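Just below is one structure, and these are the notes that go with it.
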Amino acid sequence: MLTPQIERDASVALYWDFENLHASLCEERDPGAYARPDNRFRPQEPLVDIQAVVEFAASFGPIAINRAYCNWQFFGRYRDALLQNGVELLQLFPPGGAAKNGADIKLCLDANEDIGRFAHIGTVVIVGGDSDFMPLSQKIKAAGRTLVGVGTRRATNRHWAKSCHEFRYYENLVEPMDMPTPDASVAEVAAAAQPAMADPHTELLRRAIRLLAEKKGDVWVNKAEIWPMIKRLDSTFDPKEAGFTNFAAMIKAKEDMVELRRGEFDQEVKLR
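FYI, this note's numbering numbers position 40 of the sequence shown as 105, with every residue one higher than the one before it.
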């Protein structure tokens with residue numbers, strides 16, 4: 066039987082209307098392009114930053130369900146990113162050449178069933194901007210769960226966004242990269258690529274603190290919350306591989322990147 070109150074560290078269920086998000090990003094680049102058969106029914110270039118969305122979902126707790134709905138026959142170039150982020154793929158063939166694949170309907174049915182079966186799901190994250198999700202939002206809220214939506218700014222229905230407990234525009238989750246100009250020098254190109262070559266352990270720590278700060282709405286986060294957040298982002302993380310005896314030693318060694326202070330119950334950390 067479901068308890069009326071969900072535990073603080075309850076799990077997260079993440080559902081993607083994947084083609085909806087991809088199509089929205091295509092339309093932002095070239096309005097009307099994705100609807101054309103010569104563009105839609107061919108291998109698609111990757112546009113969605115899957116990791117950014119998964120990390121945002123992980124800021125609410127450990128992800129128990131990470132499921133994406135799409136006609137995957139045209140989205141094979143997303144393969145590595147989907148595998149790296151543990152996304153379960155549901156294949157949906159459209160019933161006709163110009164018909165919708167029904168991803169939003171199947172997503173709603175599955176999400177409604179899952180919150181009835183799994184009491185440990187405390188937060189449901191829906192990636193998609195359709196107003197078709199509004200009935201699902203009523204079911205999720207009636208079940209006492211937290212509903213979080215993600216969608217692009219131009220393609221998201223405002224009534225759907227308002228029906229969520231929290232809604233985040235996809236554009237705000239993605240950090241834009243400064244691309245070098247075509248006539249840039251070799252040194253300038255190397256400088257532009259440098260952030261991608263940074264120490265992965267340091268970058269993981271930075272992402273964990275940033276996500277916690279965004280969720281809390283405060284630059285200072287509890288030190289004790291950082292380690293669980295890192296493990297949700299990368300379960301293979303081990304401070305010893307970075308040359309530290311434990312996580313506390315790693316935090317102490319990163320004084321050039323983080324600042325520490327005494328909090329009410331624990332040390333607090335912020336990015337410099």
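Beta carbons: idealized from backbone N, C-alpha and C, even for Gly. All figures in this text were calculated on a predicted structure; none of them were measured in a lab.
- F312 places its beta carbon 9 Å or farther from that of W285.
- The beta-carbon separation of F139 and F106, rounded to 7 Å, stays under the 8 Å limit for a contact.
- For G181, the closest C-alpha among the options P304, V192, V215, A207 is that of A207.
- Counting only runs of 4+ residues, the alpha helix (DSSP H) found wholly inside the stretch 303–337 occupies 312–318, in chain order.
- Between G214 and N222, the alpha-carbon positions lie close to 11 Å from each other.
- S124 carries a coil assignment under DSSP once its states are collapsed to helix, strand and coil.
- Beta-bridge pairing by DSSP links W81 to A133, V192.
- Under the 10 Å beta carbon count, T301 is surrounded by fewer than 16 other beta carbons and is classified as exposed.
- Of the residues assessed, A100 falls on the exposed side of the cut-off, its CB having fewer than 16 other CB atoms within 10 angstroms.
- Counting along the chain, L112 sits inside no beta strand (DSSP E), nor does DSSP assign it H or E at all.
- Note on geometry: alpha-carbon atoms of R132 and E120 lie some 14 Å from one another.
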